[in-house]
Amino acid sequence: RLFYRTNIDLPTLSQLQNVVDNTNTLQLRAGNPDLGQSYTHRLGGRYRAASAAKGTSFFVFASLSLVSNQIANSTFIAPTDTILPEGITLVRGAQLIRPVNVAGAYNFRSFASYGFPVKALKSNLNFNAGYTINNSPSLINGVTNEALTHNINTGLTIGSNISKELDFTLGYALNYNTVFNSIQPQLNNNYYIHNANFRINWLPIPALVFSSDVLYNAFAGLEDGFNQT
């Protein structure tokens, strides 16, 4: 199956109003009456194949989105105490954020999985992997900042096919993420997310069920205090 879709995103009323919100004096926000709508093109496809005789299954998916006039933030960081045209003072280091239209936003996603039976284990194995890249431009003091995010994920799942009385699932998934900012390298990051799970249901006799679930999540590569398990 192949598909092409397109849609527009209209700016909200608050994004269009030329009014400064100074509720937070260190991070002021204002609208932009010249803001236009964004326009997204999305092209993708998927393929699925399965064999009941062999017990195998295969699936692959990919999509690409291109955005024209993406609505993003334009952030002005005051180098000194600054008086805005609206008469509001922006102290040194404070920010004024306005929505603007920018070019260059895109997103690409892909995913594939393959499953097959393993007679020796009386179980089914499923492998999966995916890759995503996302580019979200914004403006900082009039300079374009390209925020580029990569995500690589892979996983393995073992599902039992032993009998009607015993059912279990064992899975593991790994996500690797990188964040790159063209003019704000201090915000760059590389981190991992580990996810593991185990579930079992056992019926030793028709009137009795043993059931248990175990979940494990771990983060690595983040700042101190965020690498939790």
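Final position of the sequence shown in the numbering used here is 329; the numbers increase by one with none missing. Glycine included, C-beta positions come from ideal geometry on N, C-alpha and C. None of the values given here were measured: they were computed from a predicted structure.
Would you list the residues sitting across from residue i in a DSSP beta bridge?
i: residue 195; result: 127, 177
i: residue 230; result: 211, 253
i: residue 109; result: 138
i: residue 246; result: 237
i: residue 289; result: 279
i: residue 114; result: According to DSSP, which records beta bridges pairwise, residue 114 is partnered with nothing at all.
i: residue 303; result: According to DSSP, which records beta bridges pairwise, residue 303 is partnered with nothing at all.
Could you tell me if residue i is buried or exposed, where buried requires 16 or more neighbouring beta carbons within 10 angstroms of its beta carbon?
i: residue 114; result: exposed
i: residue 150; result: exposed
i: residue 247; result: buried
i: residue 131; result: buried
i: residue 171; result: buried
i: residue 176; result: buried
i: residue 110; result: exposed
i: residue 199; result: buried
i: residue 138; result: buried
i: residue 126; result: exposed
i: residue 263; result: exposed
i: residue 128; result: buried
i: residue 196; result: buried
Taking the Cβ atom as the reference point for each residue, do residue i and residue j lie within a distance shorter than 9 Å?
i: residue 161; j: residue 211; result: yes
i: residue 319; j: residue 276; result: no
i: residue 156; j: residue 227; result: no
i: residue 209; j: residue 146; result: no
i: residue 163; j: residue 203; result: no
i: residue 201; j: residue 242; result: no
i: residue 194; j: residue 205; result: no
i: residue 289; j: residue 325; result: no
i: residue 297; j: residue 310; result: no
Please list, in chain order, all residues of the same chain as residue i whose beta carbon is under 6 Å from its beta carbon, the five residues on each side excluded.
i: residue 183; result: 189
i: residue 104; result: 143
i: residue 234; result: 207, 249
i: residue 313; result: 299
i: residue 287; result: 281
i: residue 166; result: 141, 206
i: residue 303; result: 265, 309
i: residue 271; result: 257, 297
Which same chain residues end up closer than 7 Å to residue i when comparing Cβ atoms and leaving out the 5 residues on each side of it in sequence?
i: residue 213; result: 159, 226, 227, 228
i: residue 186; result: 120
Could you round the C-beta distance between residue i and residue j to whole angstroms and report it? I think they count as a contact, below 8 Å.
i: residue 174; j: residue 239; result: 4 Å
i: residue 230; j: residue 245; result: Rounded, the Cβ-Cβ distance is 26 Å, inconsistent with contact.
i: residue 273; j: residue 295; result: 5 Å
i: residue 118; j: residue 140; result: About 26 Å separates the two Cβ atoms, so there is no contact after all.
i: residue 269; j: residue 259; result: 5 Å
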